[in-house]
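Note that the UniProt record's numbering has the sequence shown beginning at 1, numbered continuously upward. Cβ coordinates follow ideal geometry from the N, Cα and C atoms, glycine included. The structure appears right after this line, and notes come after that.
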Amino acid sequence: MAQITMSEMLNAGLQFGHQTRRWNPKMKQYIITSRNGIHIIDLFKSLDMIDVAYDFIKTTVAHNGTVLFVGTKKQAKDAIASQATRVNMPYVSERWLGGMLTNFQTVSKRVNRLKELEEMDFTDVHGSGLTKKELLLLEREKDKLERQLGGIRNMTRTPSAMFVVDINKEALAVEEAHKLGIPVVAIVDTNTDPETVEYPIPANDDAIRGIELLTRLMADAVAEGLLERSGKGTKAEGDAAEEQPMAAWEKDLLKENAHTVSETVTEDLEKQGPKDAKYPHESLDAKSEEARAAGADAAQQAAADVAADNADETPVLKAEEAASIADHDADQN
């Protein structure tokens, strides 16, 4: 479960949506009210959705999956790059290149080109056999590739899941993920369509502190998944592949984060919620409806009990009053 409090969310400004005239009606279920023409997001529902997304990412990484962090807007790029680097996951913090997922083979060739250029010494004019101008052009090419593809230089295959900040800004990335069947966890503001992603997190996607908070939480989920993966020791029965040694960065991550991780291992996400729900928020809505129905039944039962008690007491009071009246009449006579 995600380690986050309502106070932290309020201080980060996650409750503020967009202007009421710029809203998407599909976000109505996550909006609690509006103030001064600004929609206010229901952070209690946001907390529930954060827990769902957190468990999904943790389980995905624990089963040898990778998560691609995507956020190219000015408010998000620094948090995306730093948090993804912290857990050694791929990220895109600059412009999303078309075909980065759907045409991954071609993108991989450009990544290999970047690695070749990184091995060159651009100051060694005589040893390279190239002119200064040629070396300068190659260095500029390397810098450009580093900006565009530096975050995915170690990504050898398409990711198992994707975390996105602002699905309107990253519409192309979300579209490519859907074409490949890659589930998307995303921060959805009041001007977005939450049904376009599998794991929406209703929150302000423009506040820098809010983006940093949620991105850090998703990175923490990755860290927990890595710890759970390394703690299994052996693979499942029937898996004939050899056990791969733990990378050095994973060992460092274990040392840095071991004291912050709970020892409880959560069950697979398949065991949670109704199986026929297309999106997690449908499961939450179903649970809410069940709770409301149970509350209504309890209220009706309580009313019935009170009525029954009153019905039992009423005849007794009337009998006592009748006896008192009869005694009074006897005294008068």
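Could you check what DSSP says for Leu135 in three-state terms: helix, strand or coil? helix
Once the 5 residues before and after Pro19 are set aside, which same chain residues still bring their CB inside 7 Å of it? Note on identity: in this sequence residue 19 is Gln, with Pro being the wrong assignment. Counting only Cβ-Cβ distances below 7 Å, and skipping sequence neighbours, we find Gly37, Ile38.
Tell me whether Asn64 is buried or exposed, calling it buried when 16 or more other Cβ atoms sit within 10 Å of its Cβ. exposed
Can you tell me whether DSSP reads Ser160 as helix, strand or coil? coil
Lys77 versus Phe163, Val174, Thr33, residue with shortest Cα-Cα distance: Phe163
Would you kindly work out how many angstroms separate the C-alpha atoms of Trp23 and Leu172, rounded to a whole number? 21 Å
DSSP three-state label for Ser93, please. coil
So, with DSSP's three-state summary, where would you put Glu289? Summary for Glu289: the model assigns pLDDT 47, below 50, so the residue's position carries little reliability; its value from the coordinates is reported in the next sentence. Here Glu289 sits in helix by DSSP.
DSSP bridge partner residues for residue 335 (one or two, in chain order): The question about residue 335 has no answer, for the chain in this structure spans 1 to 333.
So, at 8 Å on beta carbons, what are the nonlocal neighbours of Met100 in its own chain, with the 5 sequence-adjacent residues on each side left out? Val92, Val107, Ile152, Ala173, Glu176
Out of curiosity, what's the CA-to-CA distance linking Arg95 and Gln148? 7 Å
What's the C-alpha gap between Glu170 and Leu135? 35 Å
Chain-order list of residues whose beta-carbon lies under 7 Å from that of Lys142 (same chain, five-residue window excluded): Leu114, Leu117, Glu118
Considering only C-alpha positions, which residue in the set Leu227, Arg209, Asp205, Ser230 is nearest to Ile41? Asp205
Nearest-angstrom beta carbon gap, Pro90 and Asn154 [assumed within contact, 8 Å]: 7 Å
Kindly provide the ranges of any beta strand (DSSP E) runs that are 3 or more residues long and lie completely inside the region 35-64, ordered along the chain. 38-41
Keeping to the same chain, check which residues put their C-beta closer than 8 Å to that of Ile4; ignore five residues upstream and five downstream. Leu47, Ile50, Leu213, Leu217
What's the C-alpha gap between Ala286 and Arg229? Because the pLDDT of Ala286 is 46, which lies under 50, any placement of that residue in the model is unreliable, and the question is left without a value.
According to DSSP, Gln75 sits in a beta bridge with which residue or residues? Per DSSP, none; premise fails for Gln75.
Alpha carbon of Pro183 to alpha carbon of Asp166, nearest angstrom: 15 Å
Helix, strand or coil at Leu213 [DSSP, three-state]: helix
Applying the criterion that 16 or more other CB atoms from any shown protein chain within 10 Å of the CB defines a buried residue, is Gly17 buried or exposed? buried
Which residue marks the beginning of the beta strand (DSSP E) containing Gln19, and which one marks its end? 16-19
On a Cα-Cα basis, can you pick out the residue from Gln29, Thr60, His178 that is closest to Asp189? Gln29
Run through DSSP, which three-state label would Ala2 get? coil
So what's Met9 in DSSP terms, helix, strand or just coil? helix
The beta strand (DSSP E) spanning Leu68 covers which residue range? 67-70
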